[in-house]
Amino acid sequence: MVRKMKENKTKKYKRDKHGVWGYVFILPFFLAFAIFQLIPLASTVYYSFFEYYKDGLDIVGPKFVGLRNYIELFGADLPKYMGNTFVLWIVGFIPQIIVSLILAAWFTDERLKIKGKQFFKVVIYMPNLIMASAFSMLFFALFSDIGPINSFLQSIGLIKSPIRFLSSVVGARGLIALMNFLMWFGNTTILLMAAVMGISPSLFEAAQLDGCNHRQIFFKITLPSIRPILVYVFITSMIGGLQMFDVPQILTGGSGSPNRTTTTMIMFLNNHLYSKNNGMAGAVSVVLFVICAILCLAVYKTSDPAGENK
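The sequence shown: position 107 = 1217 (my numbering), numbered continuously.
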């Protein structure tokens, strides 16, 4: 009896000792997360309640001011920049998800027998590999007043004078939305294709035997079955859209022209960081974080009406 108790203690000791190594292996991640993510996040929230900026060679603050930074933000142009950000994201996301769903349904439908699927997958994914800065410079050159697009339209007689794409609200926002669409629809298509291919073929076969047409199969079987991936795509796209910076920054030279209608929240945040206004920059960051959290939670709740994830 005593011998068995000693053996049990030895086994338990070995299990406990082996369990410690698991914590050792995951420790570097948590250390890196705390140093590069958690501490800066806490610091950002902390300084958002302070007046803390650089005025020439002088540093003002940190001086606690409570909610004054937030009040000044919402009393200034922050709501306008929030509206700009949502408009630019929605205008680019709607065609992205529609085209991606259509392509995913086509490429995964065995009855269509599309040839060269691998080639088309590579082609539609290639824009995702191009840096946003390079993409912006390319579009700036193509759609400038003396660019190839205007020259071509004038040469065929469609226009008499160059179209100033970047000087109109519709033109500038349209170009930004078009670039975001071209850069990301390939990635979205690949994700949705993987989701569709994960659906059991027996469901489609049963629907065909019951006489369902392509439209009924798509809306009654395909869409409900890939809902988790659609939610993932929507949330990640929304977060990326709210963090939109490089495309409008480079395309408009940081001015958000015309009349700041393409200035996003991150561009607004960058202006405060550039001017060394750490307090206001922290407040903008906190507002953006709260908006992302609320929207993600709302999307998650509305996508699970039956409470399946409870």
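Virtual Cβ for every residue (Gly too), placed ideally from N, Cα, C.
These numbers were taken from a predicted model, which means no experiment stands behind them.
In this structure, residue 1309 and residue 1332 form a Cβ contact; the two beta carbons are roughly 7 Å apart against a cut-off of 8 Å.
Beta-bridge partners assigned by DSSP to residue 1169: 1164.
Using a Cβ-Cβ distance cut-off of 8 Å, the region 1346-1363 and the region 1371-1379 are in contact, since at least three pairs of beta carbons, one from each stretch, lie closer than that value. Under the three-state reduction of DSSP, residue 1253 is assigned to coil, being neither helix nor strand. For residue 1340, the enclosing alpha helix (DSSP H) has its first and last residue at 1337-1352.
Bounds of the alpha helix (DSSP H) holding residue 1185 are 1178-1185. The alpha carbon of residue 1288 has as its nearest neighbour, out of 1236, 1272, 1198, the alpha carbon of 1198. Only buried fits residue 1395, as 16 or more other CB atoms lie within 10 angstroms of its CB.
By a beta-carbon distance limit of 8 Å, residue 1291 contacts residue 1202. Their separation comes to about 5 Å.
Judged by DSSP in its simplified three-state form, residue 1174 adopts strand.
In terms of Cβ geometry, residue 1213 and residue 1234 form a close pair [threshold 8 Å]. Cβ-Cβ separation between residue 1253 and residue 1275: approximately 4 Å, consistent with a contact (criterion under 8 Å). Sorting 1369, 1397, 1190 by C-alpha distance to the C-alpha of residue 1279 places 1369 at the top. In summary, residue 1336 is buried, with 16 or more beta-carbon neighbours lying within 10 Å of its beta-carbon over all protein chains present.
According to the DSSP assignment, residue 1379 belongs to the alpha helix (DSSP H) that extends over 1375-1384. Secondary structure at residue 1388: helix, using DSSP grouped into helix, strand and coil.
Residue 1341 and residue 1404 have their C-alpha atoms some 15 Å from each other. Judged by their CB atoms, residue 1363 and residue 1158 are not nearer to each other than the 8 Å cut-off. Minimum Cα-Cα distance from residue 1303 among the listed residues 1171, 1347, 1343 corresponds to 1343.
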